[in-house]
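Asker: No gaps in the numbering here: position 40 of the sequence shown is 57 in the working numbering, and each next residue is one more.
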Amino acid sequence: MTVKQLQEDILNLKNQNDVLVLAHYYQSIEIQEIADFIGDSLGLSRTAKEKANTEYIIFAGVDFMAETASILNQDKHVLIPNYESCCPMAAFLTPEMVKEFKRNNPGLPAVIYVNSTAAVKAESDICCTSANAVEIVKKISNEFEVDSVLFGPDANLADYTEQISGINCINMPESGHCYVHSQITIEDIKTVKEKYPKAKLIVHPECIRGVRELANYVGSTSRMYNYVRDSSSEEKEFIIGTEVGLLERMAQDFPEKSFYLAKDKLVCYNMKKHNLELIKYLLENLDDKAFEVKVPLEIAKKALKPIEKMLDFS
Ligand code: 13P
Ligand code: SF4
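Structural data, given as structure tokens:
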């Protein structure tokens, strides 16, 4: 079956069922094309909370995103096309580690990046995404009347947040990172900039400091998208320091501009575990419990508070 035929079948099945399809920018372009909403992790959490009025939500993203949607919509069925799609960064931090950091740093709030398990979120004072980390850290440190926070699991986002907010971010653990973004080196950037000297460099805050410091702009996936959308007609070329799915979205939406990846193969293989066949299968088998994302009730109840606090704060 061709991609077009599969997409048509999916659109028909969507019309026949009470279902919403959410997709992260890192999904393949074929999946983005059939989604009802595309966004960054903050935008998708908001959409799941505020706009999902269907019985079923199919979430084409990694597990922590689908778990967050499930926690925010406990009366709905949240389905993930491939349940092996997980974010390896989440494995850097366990609930026990958060408890120990809190014991060793009494009075400091634990700010947990949403790229974490629900059990870790349940131990946090507030969650954050890459789009709102600076704002969240400023507000929570103000509420707790402290000038340091515990921050995990991404050490690069912690470093970025500390640089911009001026609030000390203590890493939980020392070196949590994303294998996609942390592979971009200063050398890679020098090479690509030499090749495209007029291009603006825009990168995700999960990149290492040296890469961020060479960038014209640092922001979450949706902020990177908005930066390009709002750029002047003279700004025609962009080097993209994040997963290739966002570049494909931009190339489709802004055909008058040119986009280059900061280095070859910036692929999140975990995000790419979904495909159209799996989405079609789900639409034909919405009650197949194997694909339903359910967080144990006690953990979901505890994790809901820091997630909702994040949404209220940003
Ligand atoms: P965004 O919140 O910017 O979408 O990022 C999510 C993510 O997993 C980045 O690697
Ligand atoms: Fe996780 Fe990195 Fe993939 Fe984002 S790009 S989902 S942080 S592995």
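Cβ atoms here follow ideal geometry from the backbone N, Cα and C, with glycine treated the same way.
Label Q44 either buried or exposed according to how many other C-beta atoms from any shown protein chain fall within 10 Å of its C-beta, with 16 as the threshold for buried.
Answerer: buried
Asker: If A317 and Q91 are in contact, beta carbons under 8 Å, what's the gap, nearest whole angstrom?
Answerer: Right, their Cβ atoms sit about 6 Å apart.
Asker: Which of helix, strand or coil does DSSP assign to Y196?
Answerer: In the structure shown, the three-state DSSP call for Y196 is coil.
Asker: Less than 6 Å between the CB of D57 and some heavy atom of the ligand 13P, yes or no?
Answerer: yes
Asker: Can you tell which of A52, A320, N185 has the C-alpha that lies nearest to the C-alpha of A150?
Answerer: N185
Asker: What is the C-beta distance between I74 and L37, in whole angstroms, given that I count them as a contact (C-beta under 8 Å)?
Answerer: 5 Å
Asker: Would you call the segment 92 to 103 in contact with the segment 261 to 273, where contact means no fewer than 3 C-beta pairs closer than 8 Å?
Answerer: No: the two stretches stay apart, fewer than three of their Cβ pairs being nearer than 8 Å.
Asker: Tell me where the beta strand (DSSP E) around G169 begins and ends.
Answerer: Judged by DSSP secondary structure, G169 falls within the beta strand (DSSP E) whose first and last residues are 165 to 169.
Asker: Along the chain, where does the alpha helix (DSSP H) containing S182 start, and where does it finish?
Answerer: Its alpha helix (DSSP H) spans residues 172 to 182.
Asker: What residues are listed by DSSP as bridge partners for Y234?
Answerer: I219
Asker: Could you pull out every residue in the same chain whose Cβ sits closer than 6 Å to the Cβ of L89, ignoring the five residues on either side in sequence?
Answerer: A65, K66
Asker: Given a cut-off of 7 Å, decide if G258 and I201 are closer than it, judged by their beta-carbon atoms.
Answerer: yes
Asker: Using C-beta distances below 7 Å, list every residue in its chain close to C144, excluding the 5 sequence neighbours before and after it, in chain order.
Answerer: I129, V131, K138, P323, I324, M327
Asker: For R266, does the count of other Cβ atoms within 10 angstroms reach 16, so buried, or fall short, so exposed?
Answerer: buried
Asker: What number of angstroms, rounded off, separates the C-alpha of L218 from the C-alpha of V197?
Answerer: 17 Å
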